[in-house]
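Everything below concerns the one structure shown next.
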Amino acid sequence: MADFFKLKENNTNVKTEVLAGITTFMTMAYILAVNPNMLSAAGMDAEAVLIATCLASFVGTLCMALFANYPFALAPGMGLNAYFAFTVCGSMGYPWQVALFAVFVEGIIFIILSLTNVREAIFNSIPLTLKKGVGAGIGLFVAFIGLQDAKIVVNSDSTLVTYVSFRNEWHTAGICALLALIGLLLIAILEVKKVRGGILIGIIVTWVLGILAQLCGIYVPDNENFFSLLPNMHFTDFTKIGLTFGQCFNVDFNGVGFFNFVVVMLSFLFVDMFDTIGTLIGVSDRAGLLDKEGKLERVKPALLADAIATCAGAIFGTSTTTTYVESSAGVGAGARTGLASVVTGLLFLVAIFFAPIFVSIPGFAVAPALIYVGFLMLTSILEIDFTDIREAFPAFLAVLAMPLMYSIAEGISIGVISYVVINFVCNFFCKEKKKITPLMYVLAVLFVCKYIFL
Numbered sequence: 083m084a085d086f087f088k089l090k091e092n093n094t095n096v097k098t099e100v101l102a103g104i105t106t107f108m109t110m111a112y113i114l115a116v117n118p119n120m121l122s123a124a125g126m127d128a129e130a131v132l133i134a135t136c137l138a139s140f141v142g143t144l145c146m147a148l149f150a151n152y153p154f155a156l157a158p159g160m161g162l163n164a165y166f167a168f169t170v171c172g173s174m175g176y177p178w179q180v181a182l183f184a185v186f187v188e189g190i191i192f193i194i195l196s197l198t199n200v201r202e203a204i205f206n207s208i209p210l211t212l213k214k215g216v217g218a219g220i221g222l223f224v225a226f227i228g229l230q231d232a233k234i235v236v237n238s239d240s241t242l243v244t245y246v247s248f249r250n251e252w253h254t255a256g257i258c259a260l261l262a263l264i265g266l267l268l269i270a271i272l273e274v275k276k277v278r279g280g281i282l283i284g285i286i287v288t289w290v291l292g293i294l295a296q297l298c299g300i301y302v303p304d305n306e307n308f309f310s311l312l313p314n315m316h317f318t319d320f321t322k323i324g325l326t327f328g329q330c331f332n333v334d335f336n337g338v339g340f341f342n343f344v345v346v347m348l349s350f351l352f353v354d355m356f357d358t359i360g361t362l363i364g365v366s367d368r369a370g371l372l373d374k375e376g377k378l379e380r381v382k383p384a385l386l387a388d389a390i391a392t393c394a395g396a397i398f399g400t401s402t403t404t405t406y407v408e409s410s411a412g413v414g415a416g417a418r419t420g421l422a423s424v425v426t427g428l429l430f431l432v433a434i435f436f437a438p439i440f441v442s443i444p445g446f447a448v449a450p451a452l453i454y455v456g457f458l459m460l461t462s463i464l465e466i467d468f469t470d471i472r473e474a475f476p477a478f479l480a481v482l483a484m485p486l487m488y489s490i491a492e493g494i495s496i497g498v499i500s501y502v503v504i505n506f507v508c509n510f511f512c513k514e515k516k517k518i519t520p521l522m523y524v525l526a527v528l529f530v531c532k533y534i535f536l
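With the numbering used here applied, the sequence shown covers 83 to 536.
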């Protein structure tokens with residue numbers, strides 16, 4: 083393993099990679115609960131989707147480990163599964179088999195783009211300063227997700243978001259928020275003390291405290307939004323996979339139309355492409371894998387693994403499989419090679435047998451890890467020269483857009499458009515000319531067209 087994954091060259095060891103791989107899995111385990119729940123709204127069997135989620139995550143993450151030797155994990159993407167269930171199958175009214183076929187076609191196009199260097203060229207065309215901004219923006223985005231999962235930040239009619247009412251919701255959201263804060267402080271202290279696996283320890287301790295709170299009657303499940311924290315011990319019905327496996331090829335296009343199908347497929351394609359690129363930029367920067375020009379050495383096999391995972395996921399029966407920003411939790415725990423991804427992938431495979439147990443991991447227990455990782459990723463903003471407004475302002479807009487628009491892809495979009503417009507105009511009257519690659523112009527035009535037509 084040391085030779086194959088080049089552990090010494092990456093200044094890591096087996097123990098660190100294993101603990102980091104487990105940490106990444108723990109931060110992603112929520113998808114085993116969320117994805118079946120989400121896609122069941124589209125009419126799919128929840129247990130079949132759960133098995134498909136595990137298999138797609140295993141295949142994608144293992145491909146990333148073996149093809150690219152990077153500590154990046156893959157799973158069905160959040161946001162894309164919501165678009166699948168509530169827009170394509172909901173408001174548009176298309177059968178879920180059509181949506182799966184759109185995901186499969188998108189994956190085939192991704193494979194072609196990856197083999198022809200198009201996706202690699204897009205990755206490398208984004209300026210280094212903007213990449214640093216994307217990394218920092220993802221950090222804020224991850225931290226914001228963590229604050230929501232912890233129930234610390236909640237919806238508000240007047241200010242959009244606010245903090246939880248500890249007094250009025252003490253036995254549900256209030257105690258979850260308090261335990262998440264305790265877990266966050268514990269992780270910070272363990273990291274200061276340089277305790278290996280500190281993030282993973284924080285997740286487990288927070289979950290155990292939650293179980294004790296439930297047994298003592300402090301935490302009271304309502305079985306609607308707040309469920310029991312005790313592990314569920316029943317096993318998975320493996321025969322259910324037959325309900326979704328290969329159904330992407332069992333398509334009835336009556337009432338869909340070619341143009342409508344193309345629009346749906348392109349929507350999956352667009353969001354997946356730039357979510358993946360943004361995630362690779364952010365996590366790679368945090369892991370110190372980008373070179374001085376902001377390029378990722380083995381970006382082509384990494385993107386190819388992502389594309390193959392999307393096709394495999396569609397065949398198994400789940401929405402678009404993509405590289406997960408939660409991989410940054412493993413990176414924060416020391417992951418530097420594909421060995422960590424192998425561990426994460428194998429845990430997804432094992433999760434098929436014990437999925438109900440992993441589903442029991444509450445969001446507030448994972449939240450401290452996400453918030454702390456967000457802090458780690460935000461530090462890339464220190465490498466931006468804020469005296470150069472032409473470089474720094476587009477990066478700032480990318481940082482701002484990601485958490486507020488709740489999308490990595492939108493942050494990249496705003497950053498690219500603003501970078502091209504500002505520097506194109508300033509090149510006419512500024513002595514210093516900024517080089518804008520032709521592909522950046524193309525991306526800016528495509529992003530503008532997306533807002534107009536999609």
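In this text, a Cβ means the ideal position worked out from N, Cα and C, and glycines have one as well.
Residue nearest to G279 within the set A396, F535, I234 and V100 is V100 (criterion: CA-CA distance). In this structure, the CA atom of A84 is about 36 Å from the CA atom of V185. Under DSSP, V236 forms a beta bridge with T244. With fewer than 16 other beta carbons inside 10 angstroms of its own, P520 counts as exposed. Put simply, of T358, G324 and I104 the residue whose alpha carbon is nearest the alpha carbon of V131 is G324.
In the DSSP assignment, T405 falls within the beta strand (DSSP E) that extends over T403 to T405. Of all C-beta pairs linking the region 344-355 to the region 149-168, three or more are shorter than 8 Å, placing the two stretches in contact. Residue burial is scored here from C-beta neighbours: F166 has at least 16 other C-beta atoms within 10 angstroms and is therefore classed as buried.
The continuous beta strand (DSSP E) containing L156 extends over residues L156 to P158. R380 is positioned such that its CB atom lies closer than 8 Å to that of Y152. The three-state reading of DSSP puts L371 in coil, since its state is none of H, G, I, E or B. Beyond the five residues adjoining it in sequence on each side, V481 comes within less than 6 Å, by CB distance, of G215, A218 and G219 in the same chain, given in chain order. Linking E91 to F506 through their CA atoms gives a straight-line distance of about 41 Å. A straight-line Cα-Cα distance of about 16 Å links A124 and K322.
Looking only at V407, T400 and M355, the smallest Cα-Cα distance to A389 is reached by M355.
Bounds of the alpha helix (DSSP H) holding M110 are V96 to M110. Checking the DSSP bridge columns, you'll see L378 partnered with L372. Of all alpha-carbon atoms in A447, F478, M146 and L272, the one lying nearest the alpha-carbon of I293 is that of A447. In the assembly as shown, T405 is a buried residue. Its beta-carbon has 16 or more other beta-carbons within 10 Å.
For M522, the enclosing alpha helix (DSSP H) stretches over residues P520 to F535. With fewer than 16 other Cβ atoms from the protein chains shown falling within 10 Å of its own Cβ, C531 counts as exposed. Around F226, the same chain offers P485 as residues with beta carbons nearer than 6 Å, after the five sequence neighbours per side are excluded.
The beta carbon of P438 sits closer than 6 Å to those of N314 and H316, all from its chain and outside the five residues before and after it, given in chain order.
Assigned with DSSP and collapsed to three states, G228 falls in helix. Within the region 242-327, the runs of alpha helix (DSSP H) at least 4 residues long that lie entirely inside it are, in chain order, 257-274 and 280-297. The Cβ-Cβ distance between P450 and A262 falls below 8 Å. If the five residues before and after T361 are omitted, its C-beta is found closer than 6 Å to the C-beta atoms of T405 and V407, all from its own chain and listed in chain order.
At the C-beta level, I190 and C393 come within 8 Å of one another.
For Y454, the enclosing alpha helix (DSSP H) has its first and last residue at G445 to L460. Following the DSSP letters along the chain, one finds I499 inside the alpha helix (DSSP H) bounded by residues I490 to C508. Per DSSP, E188 is one residue of the alpha helix (DSSP H) stretching across W178 to L197. Between N117 and T426 a beta carbon distance of about 16 Å is seen, past the 8 Å cut, so the two are scored as non-contacting.
Minimum Cα-Cα distance from E202 among the listed residues A384, L267 and C508 corresponds to A384. Considering only I104, N332 and A232, the residue with the shortest C-alpha distance to I283 is I104. Secondary structure of E129 (DSSP, three-state): helix. Comparing alpha carbon positions, the residue from A134, F86 and F223 closest to F327 is A134.
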